[in-house]
Amino acid sequence: MQAGTPHPKYPNVFSPIRLGPVELPNRYFFAPHGSALVVGNKPSGDLVAYSAERVRDGGCGLVIVALCAHERGRTQQPAPHPPENLAAFRVLADAIHEAGGKIFGQTIYHWSGKGFWQLLSPPGPPMGPSVRQFSFGGRSCSTREMSLYDIREMLDAIRQSARHMSEAGFDGLLLHASHAALIEQFLSPYFNERSDEYGGSLENRMRFLIEALQAAREGGGADFAVGMRLNCDEQIAGGYDVQTAREVVRAVCERGLVDYVDLDVGLEPQQFHHGMPTGFERRQYYRPFVEQVRDAAGDVPVLSVLGSITDMAVAEKALASGVCDVVGSARQLIAEPDFVRNARGGREELSRTCIGCNWCTAAGGDGAQGCAINPASYRDRLWGRHSYEPSGNPSKVVVVGGGPGGMEAARVAARKGHAVTLFESRDRLGGALALWADLPGRGHYGKAIDWWEAELARCGVDVRLGVSADADTVLAEKPDAVIVATGALHSRGGRSITMDADIPGSELGHVYRLEDILLGGARASGKVIIFDGEGYHASTGIAELLAAGGADVQLVSAGYSPVSPRHTDSWEERYMVGRAKRAGVRLVPTTWLRTIGEGSVTLFDVHTDEERQEDADAVVLVTGREPVDAIARALEGKLRQLFTIGDALSARMLAAAVYEGHKFARAIGEADAPGTTSEAWFRADPQELLPFPADVPRPT
0 MQAGTPHPKY PNVFSPIRLG PVELPNRYFF APHGSALVVG NKPSGDLVAY SAERVRDGGC
60 GLVIVALCAH ERGRTQQPAP HPPENLAAFR VLADAIHEAG GKIFGQTIYH WSGKGFWQLL
120 SPPGPPMGPS VRQFSFGGRS CSTREMSLYD IREMLDAIRQ SARHMSEAGF DGLLLHASHA
180 ALIEQFLSPY FNERSDEYGG SLENRMRFLI EALQAAREGG GADFAVGMRL NCDEQIAGGY
240 DVQTAREVVR AVCERGLVDY VDLDVGLEPQ QFHHGMPTGF ERRQYYRPFV EQVRDAAGDV
300 PVLSVLGSIT DMAVAEKALA SGVCDVVGSA RQLIAEPDFV RNARGGREEL SRTCIGCNWC
360 TAAGGDGAQG CAINPASYRD RLWGRHSYEP SGNPSKVVVV GGGPGGMEAA RVAARKGHAV
420 TLFESRDRLG GALALWADLP GRGHYGKAID WWEAELARCG VDVRLGVSAD ADTVLAEKPD
480 AVIVATGALH SRGGRSITMD ADIPGSELGH VYRLEDILLG GARASGKVII FDGEGYHAST
540 GIAELLAAGG ADVQLVSAGY SPVSPRHTDS WEERYMVGRA KRAGVRLVPT TWLRTIGEGS
600 VTLFDVHTDE ERQEDADAVV LVTGREPVDA IARALEGKLR QLFTIGDALS ARMLAAAVYE
660 GHKFARAIGE ADAPGTTSEA WFRADPQELL PFPADVPRPT
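Its first residue numbered 0, the sequence shown is counted upward by one per residue in numbering that gives the first Met the number 0.
Printed below as a string of structure tokens:
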């Protein structure tokens with residue numbers, strides 16, 4: 000397609016637009032989001048590779064990188080404020096320009112009001128306009144009220160950050176006034192209880208925003224675009240609504256303070272659902288709010304992610320309708336770096352669809368960073384598009400198990416030029432993820448399975464369904480390497496972290512596991528008590544399923560919630576638990592199972608050990624999972640390379656299985672590669688894995 004010729008399918012997406020002094024080559028942007036790809040508070044080479052991967056070869060026209068306005072505000076976040084960081088920021092900006100895009104920085108301070116521990120000292124209390132109590136991911140903190148000195152220092156930090164960003168080659172800045180960041184707190188009557196010139200009336204509450212925008216303009220200069228991201232509606236009692244948002248937008252636009260406005264919805268503290276939409280949420284969740292605020296911007300361009308854009312046709316329609324002028328996403332581009340490129344080139348079937356599991360955010364609770372369905376994401380420097388050169392030693396590979404880890408292993412091995420056969424005992428691919436997708440409200444998980452299935456076909460993998468492969472089956476293929484991805488099953492005896500022993504009575508005929516119901520056709524009816532010992536989707540999903548079928552369901556958990564903190568951090572808890580409650584499921588927290596009898600169970604309080612009896616027609620144990628690894632043990636010592644991955648190695652999260660499948664598939668046939676999972680574990684990490692600041696050359 001010649002330059003200047005409208006794209007035949009997406010003419011609006013692939014058309015240029017000006018944001019003040021900056022022209023974007025197209026109207027799709029990589030939205031800002033937290034990233035741990037830093038060294039200290041400098042951008043790392045990994046952040047450079049990660050960001051540029053979404054731009055090059057006709058990808059996103061704009062990348063907005065989340066930054067910290069002051070290095071004391073948040074650890075593990077790039078900070079342009081210190082002068083010594085300029086060189087690293089310059090490398091990042093240069094990489095985006097060389098890739099053909101523009102780069103803005105989103106400056107934040109104490110996102111969600113949280114303080115963060117330093118290595119040897121507790122967190123300084125996060126600052127806010129007033130003293131307010133925050134809760135995020137089950138953790139709480141309190142802000143301290145900013146003095147006028149604090150306000151002046153923060154404005155100076157914004158001014159200096161903008162100046163340094165401009166000097167480093169950044170094209171613009173986005174001030175963050177959403178997600179309960181500092182500026183939104185000043186705007187909000189809920190968070191701002193001040194009685195001085197920064198509180199009270201809306202004009203006073205806007206003062207910090209106005210002064211911050213002025214500081215950014217002073218620091219950035221005439222060729223530097225300045226905008227703000229605004230929460231359109233706080234959706235909490237005492238907070239501001241769309242009418243206030245309209246007044247704020249109109250005020251900053253009429254005063255010429257912004258070159259663009261990014262309209263957003265999200266408020267992390269004090270809630271479970273006003274942050275990032277999950278796979279349970281309707282698509283374009285933000286759009287009705289954006290539509291009510293958009294016209295207040297007048298002729299100033301409006302950006303928005305609208306909420307879970309995973310289909311370029313949706314983005315094109317949004318632009319055509321005028322709801323926004325530039326559309327974007329973060330999670331879809333985390334899951335699929337080629338999303339924009341594939342749409343431009345007519346290869347949309349090659350793109351993964353983000354499933355909204357929010358592992359990319361919840362992983363932070365484990366000190367991790369990643370995507371559950373694309374382990375190459377964030378590891379783009381090592382595992383990006385450039386890294387699939389054919390192996391110099393093509394091998395015959397057998398993968399046993401067609402869950403996410405096994406499918407990813409087969410896909411990567413095939414892309415590296417190996418001949419791959421995959422055995423799956425069931426009549427469908429997907430493993431435990433397919434079971435989740437069968438549960439009520441969780442069909443979105445099936446989209447990941449659909450993509451892997453299509454990829455295996457494109458890569459020429461020999462998929463054999465309905466084959467319960469044993470060691471002889473595998474060895475008959477004469478493989479050079481085998482990856483065992485046979486997963487795990489819930490403990491038949493009900494073992495869990497609460498009681499790591501078989502529960503007396505677990506062998507009785509009215510006691511079931513999740514697999515017995517979803518795979519074995521067992522029927523649990525009447526008065527059903529479900530015991531959840533893992534806190535993931537299985538227990539709340541099966542509870543909802545059985546309740547919808549007419550059962551009287553109790554869901555017993557040892558904790559205060561039947562879901563793990565990961566699902567609080569991922570914003571899924573409200574949906575998982577809410578759906579179960581609306582289906583009639585009764586929650587029984589801080590309780591566990593002592594014994595199972597005919598027609599009854601003995602429960603005990605985990606704090607007091609007090610026992611009580613409950614009638615039960617059926618018992619469902621969704622407790623610990625135990626690896627299915629017999630074939631791996633039978634194959635030990637019989638192959639050049641044998642890797643056991645995912646739940647077959649140790650029952651964990653989806654992301655672990657997919658990561659290990661990818662990692663060990665890359666090791667097949669390589670010189671000096673490990674021969675087993677254990678050998679790989681005990682090896683020192685190669686230096687290429689270590690993060691380096693973007694401005695420090697990596698040793699060769």
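C-beta atoms are modelled at their ideal positions from N, C-alpha and C, and glycine is treated no differently.
This one's a predicted model, so the numbers in the text were calculated from it and none came from an experiment.
Less than 8 Å between the CB atoms is what I'm expecting for residue i and residue j, so what's the real figure, rounded?
i: Cys356; j: Ala375; result: Actually they do not touch by this definition, with Cβ atoms about 17 Å apart.
i: Asp709; j: Pro561; result: Residue 709 is absent from the model: the chain starts at 0 and stops at 699.
i: Thr594; j: Val605; result: The Cβ separation is near 15 Å, so there is no contact.
i: Met227; j: Val257; result: 6 Å
i: Phe169; j: Ile102; result: 6 Å
i: Gly710; j: Ala654; result: What is shown of the chain runs 0 to 699, which leaves residue 710 out entirely.
i: Ile354; j: Tyr444; result: 6 Å
i: Asp697; j: Gly44; result: First, the residue type needs correcting, since residue 697 is Arg and not Asp in the sequence shown. Sure, about 7 Å apart at Cβ, within 8 Å.
i: Gly728; j: Leu172; result: There is simply no residue 728 to check, as the chain begins at 0 and stops at 699 in what is shown.
i: Leu305; j: Gln283; result: 5 Å
i: Arg512; j: Leu421; result: 25 Å between Cβ atoms; not a contact.
Let me know the secondary structure DSSP gives residue i once reduced to three states.
i: Asn230; result: strand
i: Leu689; result: coil
i: Glu625; result: strand
i: Trp116; result: Unreliable positioning characterises Trp116 in this predicted model, as indicated by a pLDDT of 48, which lies under 50. The coordinate reading is nonetheless provided below. Here Trp116 sits in coil by DSSP.
i: His566; result: helix
i: Phe190; result: coil
i: Pro268; result: Here Pro268 scores only 49 on pLDDT, less than 50, and its place in the model should not be relied on; the value that follows carries that caveat. Of the three classes helix, strand and coil, the one that applies to Pro268 here is coil, per DSSP.
i: Lys41; result: strand
i: His96; result: helix
i: Thr601; result: strand
i: Met406; result: helix
i: Cys252; result: helix
i: Asp240; result: coil
i: Gln213; result: helix
i: Asp155; result: helix
i: Lys701; result: Summary: the structure shown does not reach residue 701, with the chain confined to residues 0 through 699, and so no result is reported for it.
i: Pro696; result: coil
i: Ala487; result: strand
i: Ser200; result: coil
i: Phe207; result: helix
i: Lys316; result: helix
i: Tyr511; result: strand
i: Ala334; result: helix
i: Leu305; result: coil
i: Arg281; result: coil
i: Leu349; result: helix
i: Val473; result: helix
i: Leu36; result: coil
i: Ala86; result: helix
Considering residue i, what are the terminal residues of the alpha helix (DSSP H) in which it resides?
i: Ala447; result: Gly445 to Cys458
i: Gly540; result: His536 to Ala547
i: Thr360; result: Trp358 to Ala361
i: Glu22; result: Careful: Glu22 lies outside any alpha helix (DSSP H), inside the beta strand (DSSP E) at Val21 to Leu23.
i: Asp379; result: Asp379 to Trp382
Opposite residue i in the DSSP bridges: which residues?
i: Ile528; result: Gln553 and Val618
i: Thr106; result: Leu66 and Leu174
i: Ile482; result: Val398 and Phe642
i: Gly558; result: For Gly558, which the question treats as bridged, DSSP gives no partner whatsoever.
i: Met126; result: Arg143
i: Glu610; result: Phe603
i: Gly327; result: Phe28
i: Gln132; result: Ser141
i: Ala683; result: Answer is none; Ala683 lacks a bridge partner.
i: Asp461; result: Thr420
i: Lys101; result: Leu61
For residue i, report the span of its beta strand (DSSP E) as first-last.
i: Ala582; result: Counting along the chain, Ala582 falls outside any beta strand (DSSP E), and DSSP gives it neither H nor E.
i: Ala296; result: First-last for Ala296: undefined, no H or E at that position.
i: Ile595; result: Thr590 to Gly596
i: Ile16; result: Ile16 to Leu18
i: Gly430; result: Counting along the chain, Gly430 falls outside any beta strand (DSSP E), though it belongs to the alpha helix (DSSP H) covering Gly430 to Asp437.
i: Leu421; result: Ala418 to Glu423
i: Val703; result: This structure does not reach residue 703, given that the chain is present from 0 up to 699, and the question cannot be answered.
Note down, one range per segment and in chain order, each alpha helix (DSSP H) of at least 4 residues found wholly within the region 626-675. 629-634 and 653-666
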